[in-house]
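Heads up: the sequence lines are chains P and Y, in that order.
To convert, note that position 27 of the first sequence is 27 in the working numbering; the numbers rise steadily by one, no gaps.
Take any residue in the second sequence, count from 1 to its spot, add 1000: that is its number in the working numbering.
Each remark here refers to the structure printed beneath this line.
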Amino acid sequence: MATTVSNLKTTANRARTAAVAKHVGLLAVLLVLLYPLAWLLATSLKPADEVLTSLKLLPSHLEWSNYTTALDGISGVSVTRLLLNSLLISVGSVIGNVISCSLAAYAFARLRFRMRGPMFGFMIATMMLPHHAVLIPQYIIFNKLGMVDTYWPLILPKFLATEAFFVFLIVQFMRGLPRELDEAARIDGCGPFRIFWSVVLPLTRPALITTAIFTFIWSWNDFFTQLIYLFDPEKFTITLALRNFVDQSSTSAYGPMFAMSVISIVPIVLFFFAFQRYLVQGMATSGLKG
Amino acid sequence: MTTTATRPPATTTPETPRERRAHRQRSGPAYVFLSPWILGVVLLTLAPMAVSLYLSFTDYDLFDPPKWVGLRNYSDMFTADPRYWRSVGTTLLYVVVAVPLKLALALGVALLLRGTRRAKGFYRSAFYAPSLLGASMSIALVWRALYNDGGTVDELLSSVGIHTGGWVSDPHLAVFVVALLSAWQFGAPMVIFLAGLQQIPADLYEAAALDGAGPWRRFVSVTLPMLSPVVFFNLVLETIQSFQVFTPAYAISGGNGGPADSTEFYTLYLYERGFSASHMGYASAMAWVLLLAIGAVTLILFRTSRSWVFYANEGA
Chain P
1 MATTVSNLKT TANRARTAAV AKHVGLLAVL LVLLYPLAWL LATSLKPADE
51 VLTSLKLLPS HLEWSNYTTA LDGISGVSVT RLLLNSLLIS VGSVIGNVIS
101 CSLAAYAFAR LRFRMRGPMF GFMIATMMLP HHAVLIPQYI IFNKLGMVDT
151 YWPLILPKFL ATEAFFVFLI VQFMRGLPRE LDEAARIDGC GPFRIFWSVV
201 LPLTRPALIT TAIFTFIWSW NDFFTQLIYL FDPEKFTITL ALRNFVDQSS
251 TSAYGPMFAM SVISIVPIVL FFFAFQRYLV QGMATSGLKG
Chain Y
1001 MTTTATRPPA TTTPETPRER RAHRQRSGPA YVFLSPWILG VVLLTLAPMA
1051 VSLYLSFTDY DLFDPPKWVG LRNYSDMFTA DPRYWRSVGT TLLYVVVAVP
1101 LKLALALGVA LLLRGTRRAK GFYRSAFYAP SLLGASMSIA LVWRALYNDG
1151 GTVDELLSSV GIHTGGWVSD PHLAVFVVAL LSAWQFGAPM VIFLAGLQQI
1201 PADLYEAAAL DGAGPWRRFV SVTLPMLSPV VFFNLVLETI QSFQVFTPAY
1251 AISGGNGGPA DSTEFYTLYL YERGFSASHM GYASAMAWVL LLAIGAVTLI
1301 LFRTSRSWVF YANEGA
């Protein structure tokens, strides 16, 4: 009897040791992982002479002037303006994606029509299509339409459901909704539009939120498309403004440069904290990438 | 056809004209819902792909009309452009290093997290955070600074006697900075691995334990085969995305593929040819080769998957 109890104790102890070791391991990985973010924040507040001479993470005093310099923006365009430009593109993209992708998804998930199978297969295939394959002709089209150096090439495609990822995500979600609801509404005399608007769409909210969050963050982070289409500094986004620092190898500008970097990721961080529950769930269920 | 409950499946062909009309009436609303998507497919995907294929056989600088040159862009690319092959090599090296590293980290941490009860949500979110930030210009600039001459990583390595002089300025090492930045974002595939791990029935592990299988054996004989479809999914997605890496390559190379063209990734060179040098025809040819290459790699992955991906319930 005594031996059994001590055996149990040993087992329990061993399990506890294993759990502690696991947490230590996880926290160690996390520390390495989050170090660059801590470094970014610390460097944005460092005086210029401490950036290189000191390996210490924390600055000796907080150099807020880095932020006042950053707020001036670049080439006469203030950071407020840059942020508003980014916001305009991101919000426009969110509206476009939520509307166009939910419309297409409803058709694929609930309606019957000719060529449904092939069209669905094609939609899936476009998820794999590299952006670069259509980039140049799209540029030529927008150039012919006089839309280069406007926000249209960045926002308009979203209203045409070009990001098939989100169509697929919403289809998967709608397929999980009970069909009995549609049937009941149909028996009550609702047409497909009424069913979509009053029955299916409200229930699809979680998938729409996931779509909105990812669209916002992706458009906010986007660089390539903005680089190609935007030339006027007045129309620059915060990402394009940061590009000005890319070819500078001197460390003297580190303070203001990383202050601006911090400012540029604040909206993403806020989004992340506000919606992290939806985000990670959405990721796991759809297999979407960030 | 009188009640909604007995509607035929979509594949059934309508027999009578009346039924055919009814079918068409039912298709109508669907096409209304689909119209933005169809417009997008035609105007922004299919037509551009066709135009891009045509342009790839021409000389085109956006101003003068395209001039037909046959296969010259392709033959120049393959036989007379060392920069092209350099960019292919850089990109392949990057894919081969970044994708396995990222997936190994994702799987390793997912396995650690699986049995964790405390603070699981916190860990999941914290590990996931880099995946949201990693594509931004800010973080690319941070990595450039960390791996620069005198940056934190350089100093750390120097303190243990390894002197690199900064990875960013070393033509042999710069590409690995981009790869490490990609690996840093392992949270996204990790979340998918976690979801996959939850699907594995616990009784499989109980049965294996009863048969005397240790932790390693259970991992190899239960976890890996059961998880192989998820591994495959992540592998395909990450590979396709890695071929298209742009922002970090742009930032870490200083915007020009440096040092010594060592970080001139395929997409960077494509951008340079098309938008800086205005050789739209050449860039279109490059885009089509990229498309075909990604298609070929995906096809190869699918082919090999038959021998290592295990589906527990075939046909489901």
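For glycine and all other residues, C-beta sits at the position ideal for the given N, C-alpha and C.
| Check | Outcome |
| --- | --- |
| Beta carbon proximity, residue 1147 of chain Y to chain P, threshold 8 Å | no |
| Minimum Cβ-Cβ distance from residue 1030 of chain Y to chain P less than 8 Å | yes |
| Under the three-state DSSP convention, the category residue 1058 of chain Y falls into | strand |
| Residue-chain proximity (residue 107 of chain P, chain Y), Cβ-Cβ < 8 Å | yes |
| N-terminal and C-terminal residue of the alpha helix (DSSP H) that residue 1120 of chain Y is part of | 1120-1133 |
| Close-in-space but distant-in-sequence residues of the same chain around residue 108 of chain P (CB under 6 Å, 5 per side omitted) | 120, 171 |
| Whole-Å CB distance - residue 1037 of chain Y paired with residue 167 of chain P, under 8 Å assumed | 7 Å |
| Residue 56 of chain P - DSSP class collapsed to helix/strand/coil | coil |
| Positions along the segment 1116-1138 of chain Y whose CB lies within less than 9 Å of some CB in chain P | 1116, 1117, 1118, 1119, 1121, 1123, 1124, 1125, 1126, 1127, 1128, 1129, 1130, 1131, 1132, 1133, 1134, 1135, 1136, 1137, 1138 |
| Opposing strand residues paired with residue 1067 of chain Y [DSSP bridges] | Y:1059 |
| Segment contact, 8 Å Cβ cut-off, at least three pairs: the segment 184-203 of chain P with the segment 233-248 of chain P | no |
| Any chain Y beta carbon closer than 8 Å to residue 257 of chain P | yes |
| Selected residue, minimal CA-CA separation from residue 149 of chain P, among P:100, P:271, P:233, P:80 | P:233 |
| 8 Å Cβ cutoff, residue 16 of chain P in contact with chain Y | no |
| Chain-ordered neighbours of residue 1040 of chain Y on chain P, where CB pairs are closer than 7 Å | 157, 160, 161, 162 |
| Beta carbon of residue 215 of chain P nearer than 8 Å to that of residue 97 of chain P | yes |
| Residues bridged to residue 89 of chain P (per DSSP) | According to DSSP, which records beta bridges pairwise, residue 89 of chain P is partnered with nothing at all. |
| Local Cβ density within 10 Å of residue 1303 of chain Y, reported as buried at 16 or more and exposed below that | exposed |
| Residue-level contact to chain Y via CB, residue 148 of chain P, 8 Å cutoff | no |
| Cβ-Cβ distance between residue 255 of chain P and residue 44 of chain P below 8 Å | yes |
| Delimiting residues of the alpha helix (DSSP H) encompassing residue 160 of chain P | Taken as a continuous stretch (DSSP letters only), residue 160 of chain P belongs to no alpha helix (DSSP H), as it is neither H nor E. |
| With 16 other Cβ atoms within 10 Å as the buried cut-off, status of residue 1070 of chain Y | exposed |
| Closer than 7 Å at the beta carbon, the chain Y residues around residue 221 of chain P | 1135, 1136 |
| Neighbour flag for residue 95 of chain P against chain Y, beta carbons, 8 Å | no |
| Beta-ladder partner(s) of residue 77 of chain P, from DSSP | P:74 |
| Backbone secondary structure at residue 129 of chain P - three-state DSSP | coil |
| Proximity test, Cβ basis, 8 Å: residue 138 of chain P and chain Y | yes |
| Other residues of its chain near residue 1098 of chain Y: CB distance less than 7 Å, five sequence neighbours each side excluded | 1179, 1182, 1183, 1242 |
| Distance CB(residue 1249 of chain Y)-CB(residue 1073 of chain Y) smaller than 8 Å | no |
| Sub-8 Å separation of residue 32 of chain P and residue 1109 of chain Y beta-carbons | no |
| Short-range partners of chain P found in the segment 1052-1064 of chain Y, where Cβ spacing is below 8 Å | 1052, 1055, 1062 |
| Within chain P, the residues that residue 1288 of chain Y reaches when beta carbons sit closer than 8 Å | 133 |
| CB contact check: residue 254 of chain P to chain Y, cutoff 8 Å | yes |
| Segment contact flag, the segment 1135-1151 of chain Y with the segment 1250-1260 of chain Y, C-beta cutoff 8 Å, min 3 pairs | yes |
| Cβ contact (3+ pairs, closer than 8 Å) linking the segment 1154-1167 of chain Y and the segment 1268-1277 of chain Y | no |
| Of the listed residues P:18, P:191, P:131, nearest to residue 1027 of chain Y (C-alpha basis) | P:191 |
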